[in-house]
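Numbering-wise, the working numbering puts 789 at position 455 of the sequence shown, and it's gapless, one number per residue. Idealized CB from N, CA, C, for every residue including glycine. Okay, structure first, notes after.
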Amino acid sequence: MADYLVIVESPAKAKTIEKYLGKKYKVKASMGHVRDLPKSQMGVDVTAHFEPKYITIRGKGPVLKDLKTAAKKAKKIYLAADPDREGEAIAWHLAHSLNIDETSACRVVFNEITKEAVKESFKHPRAINMNLVDSQQARRILDRLVGYNISPLLWKKVKKGLSAGRVQSVAVRLIIERENEIKAFNPEEYWTIPAQMKKGNKEFEANFCGYGGKKQPLSTREDVDAVLAKMDGDEMLVSSVSKKERRRNPAPPFTTSSLQQEAARKLNFRAKKTMMLAQQLYEGIDLGKEGTVGLITYMRTDSTRISNTALEEVKNYVEETYGKEYAYNRPVSKGKSEKTQDAHEAVRPTATMRAPSELKKYLKRDQLRLYKLIWERFVASQMAPAVMDTMSVDMTNNDVVFRATGSKVKFPGFMKVYVEGNDDNTKEEDRILPPLEEGDKVSTSDIDPKQHYTQPPPRYTEARLVKTLEELGIGRPSTFAPTLDTIQRRNYVALDNKRFIPTELGEIVLDLILEFFPQIIDVNFTAEMERSLDDIEEGGKEWEKVIDQFYQDFEKRLLVAEKEMQEVEIEDEPAGIDCDKCGSPMVIKMGRYGKFMACSNFPDCRNTKPIVKEIGVPCPTCKEGQIVERKSKKGRIFYGCDRFPECEFISWDKPISRPCPKCESLLVEKKIKKGKQIQCTSCDYKEEPQE
335 MADYLVIVES PAKAKTIEKY LGKKYKVKAS MGHVRDLPKS QMGVDVTAHF
385 EPKYITIRGK GPVLKDLKTA AKKAKKIYLA ADPDREGEAI AWHLAHSLNI
435 DETSACRVVF NEITKEAVKE SFKHPRAINM NLVDSQQARR ILDRLVGYNI
485 SPLLWKKVKK GLSAGRVQSV AVRLIIEREN EIKAFNPEEY WTIPAQMKKG
535 NKEFEANFCG YGGKKQPLST REDVDAVLAK MDGDEMLVSS VSKKERRRNP
585 APPFTTSSLQ QEAARKLNFR AKKTMMLAQQ LYEGIDLGKE GTVGLITYMR
635 TDSTRISNTA LEEVKNYVEE TYGKEYAYNR PVSKGKSEKT QDAHEAVRPT
685 ATMRAPSELK KYLKRDQLRL YKLIWERFVA SQMAPAVMDT MSVDMTNNDV
735 VFRATGSKVK FPGFMKVYVE GNDDNTKEED RILPPLEEGD KVSTSDIDPK
785 QHYTQPPPRY TEARLVKTLE ELGIGRPSTF APTLDTIQRR NYVALDNKRF
835 IPTELGEIVL DLILEFFPQI IDVNFTAEME RSLDDIEEGG KEWEKVIDQF
885 YQDFEKRLLV AEKEMQEVEI EDEPAGIDCD KCGSPMVIKM GRYGKFMACS
935 NFPDCRNTKP IVKEIGVPCP TCKEGQIVER KSKKGRIFYG CDRFPECEFI
985 SWDKPISRPC PKCESLLVEK KIKKGKQIQC TSCDYKEEPQ E
């Protein structure tokens, strides 16, 4: 029989840790929280210093009973929930439920689930950190006061099922304000004059930059014509050549936020999916003979700190694999900002030597892709800077100056392993100019003026929104993914081409909150509240006082809103067709998986239909139906016959109306890294990729 009971959050984590600790330890999972505020009521007594009323979560009775039985047989109980506020709160609730003295050395924490880290943590158990618990309680109570007071108002005045929260409301506000910027944007005309230059038999591109030593903007076609009129012939004189060596440093290892952003850019992962996969990698994967192993460190962190052991290991790996010149002599890591809690290390692999190529047979496809991203980013972060040779050349014709820039990699450094992505998905490529010196002559083979218009600020992608929330100090690592998920499930925003657009409902709810609860969606207030929660964690503030300070003004505004908020009626959008069952007009409604058509005679008639979009391609299987665009339950677009279920044709790739010229079979448009490519579904016919 085991002498010690260890309680963690998940079964996967329990399995991994039990293997490391040996026979004297029994490791069980609490499956997350065992106690929480009740769903059916506020659960916070505002008249008694905001005392929370905790109850056993529905369905957790059997889990708690099993833990109590095991606890009675154990000499000592250790609480090993995740190493953050939420984990500390889970440990505290377990201590209360199992009658464990919270001031005793019952809490163990580790940043990575490896044999060494786990065993070391059990040598240094500590008491439960009540500052961490109080910080989590304050957030939970604060969100409960906001949600359980404003949400019923929205149900009554707008529609059922709505909610309001501090962080989610600010996120919706950012998306709506960006949309308003886009609508109010007035594009301005401007021109560029790219030119193809030639030196000997080598061509390169240059652009007009001004007259003499001064820049000259080109606002109209007349400005362009003035430049062209001033030029005398096709020959240009190289007036200056500037050659420099530029060093480019690697990006630091991942934090929660940067991991979500980069996974969105490079892997097309939603924030929720990234965190789910990261949790699996952290808790442990079965590696065959090696057993279950945690592959990455804890994934909820805002620090880029790295342990000395990990630094030494990655340095040795880089030197052995790439050579000593690729290893950096000091840690590459950003300094700690005032918003960084620095409670954990960066997100990194638990063992650098465990390369992604060795894990292919053990990991699922998306697990491997995320692990590879984390591994490459970490290894590259500790490599030498890349060295670039850059060259800038000015060429003059009658005081008209064109400039060409070029660069090439002199020493790849960290770029040999990994290069950070960007929101525009642009890649830095070598642009090599021919050898040019002052006094050389070049000729212009082609001048092609181009008209442009300034563009409005881009809509938020998930990556951009996470980055903005982090920069503003809104939310913390654990809140980003749930926030983005909530605002979509509530239908306050929708994703269009991977970019957020506000819905009518989102705008209505924001207007009401802005009118009656402006504090809730004030960016500065929300950021200041996050700082107050951090102060509670560090022991600088008492959680009851922080809540009371907020509630005094909130309660007054609540009373005003209950009296003065007007009811808002959201009219359904006509679908343009009649119900085929009762003849009433069909309307467009928003459901969990997007828009659909429903009969306006509901509830007497419950007829519903999916909204389908024809693409002008006949069904290749039944020859009678038309191919329509549909959406899966997860929101992924696919193509099928409109005669389903009679015809079961389905394709994830978009069918093309013309047949394959080689075998007459169906052509589809397939997405590839370089853009799109037309391919045959039966033979090897392919067309050139299109961006």
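Check, Outcome
"Could you give the residue range of the alpha helix (DSSP H) that holds R823?", "814–823"
"Classify V966 as helix, strand or coil using the three-state DSSP reduction.", "Strictly speaking, residue 966 in this sequence is Ser, with Val absent from that position. Note: S966 maps to coil in three-state DSSP."
"Count the other C-beta atoms from every protein chain shown that fall within 10 angstroms of the C-beta of K402, then say buried if there are 16 or more, exposed otherwise.", "exposed"
"Runs of 4 residues minimum, wholly inside the region 942–1007: which ones carry the alpha helix (DSSP H) assignment?", "none"
"Measure the C-alpha to C-alpha separation of K457 and V442 and round it to an integer number of angstroms.", "9 Å"
"What does the alpha-carbon distance come out to for the pair A689 and R682?", "12 Å"
"Helix or strand or just coil, what does DSSP make of N483?", "helix"
"Taking I708 as part of the alpha helix (DSSP H), name the residues at either end of that continuous run.", "699–715"
"Go through its chain and collect everything with a Cβ distance to Q502's Cβ below 6 Å, but skip five positions before and after it.", "T817, T820, I821"
"Quick one: give me the first and last residue of the alpha helix (DSSP H) that P836 is part of.", "First-last for P836: 833–836, but that is the beta strand (DSSP E), not the alpha helix (DSSP H)."
"What separation, rounded to the nearest whole angstrom, lies between the Cα atoms of A540 and V776?", "11 Å"
"Quick one, are the C-beta atoms of S935 and C916 less than 7 Å apart?", "Here residue 935 turns out to be Asn, not Ser, going by the sequence shown. Yes, the pair counts as a contact, with Cβ atoms nearer than the cut-off."
"Tell me, please, whether the region 888–896 touches the region 845–858 by the rule of three or more beta-carbon pairs shorter than 8 Å.", "yes"
"I'd like the span of the alpha helix (DSSP H) that includes V397, first residue to last.", "395–407"
"Excluding the 5 residues preceding and the 5 following V962 in the sequence, name in chain order all residues of the same chain whose CB lies nearer than 8 Å to its CB.", "V946, K947, E948, I949, Y973, G974, C975, D976"
"Specify the secondary structure class of F748 as computed by DSSP and reduced to three states.", "helix"
"Closest by CA to C981, which one among Q1013, K957, A505, C997?", "K957"
"Could you please give the first and the last residue of the uninterrupted alpha helix (DSSP H) stretch that includes H678?", "Taken as a continuous stretch (DSSP letters only), H678 belongs to no alpha helix (DSSP H), as it is neither H nor E."
"Can you find the residues in the same chain that come closer than 7 Å, C-beta to C-beta, to P345, ignoring five residues on each side of it along the sequence?", "A363"
"In whole angstroms, give me the CA-to-CA distance for F884 and E862.", "11 Å"
"With 7 Å as the threshold, decide whether the Cβ of I509 is near any Cβ in chain D.", "Included in the structure is just one protein chain, with no chain D present."
"Applying the criterion that 16 or more other CB atoms from any shown protein chain within 10 Å of the CB defines a buried residue, is M687 buried or exposed?", "exposed"
"What's the gap between the Cα of P993 and the Cα of L1001?", "6 Å"
"Does DSSP put S438 in a helix, a strand or coil?", "coil"
"Buried or exposed: which applies to W709, given that a residue is buried once 16 or more other Cβ atoms fall within 10 Å of its Cβ?", "buried"
"Helix, strand or coil for K490? Go by DSSP, reduced to three states.", "helix"
"For the beta strand (DSSP E) containing M1012, list its first residue and its last residue.", "According to the sequence shown, residue 1012 is Ile rather than Met. It spans 1009–1014 - the beta strand (DSSP E) in which I1012 sits, taken as one unbroken run."
"Please report how far the alpha carbon of P836 lies from the alpha carbon of E653, in whole angstroms.", "50 Å"
"Quick check on DSSP: helix, strand or coil for S671?", "Model confidence at S671 stands at a pLDDT of 47, short of 50, so the residue's coordinates are unreliable; what they give is reported in the following sentence. DSSP places S671 in coil when its eight states are reduced to three."
"Return helix, strand or coil for E579, following the three-state DSSP convention.", "strand"
"Across the region 865–874 and the region 450–465, are there enough close Cβ pairs to call them in contact, namely three or more that are closer than 8 Å?", "yes"
"Expressed to the nearest angstrom, what Euclidean distance is found between the alpha-carbon atoms of K670 and T631?", "At K670, the pLDDT of 45 sits below 50, so the modelled position is not reliable; the number obtained from the coordinates is stated separately. Using only the alpha carbons, I get a separation of about 19 Å."
"Are the beta-carbon atoms belonging to P746 and A718 less than 7 Å from one another?", "no"
"K750 to I424, Cα distance in whole Å?", "43 Å"
"Out of curiosity, what's the CA-to-CA distance linking K357 and K410?", "14 Å"
"In the DSSP output, which residue or residues are listed as bridge partners for M306?", "Nothing can be reported for residue 306, as the shown portion of the chain is limited to 335 through 1025."
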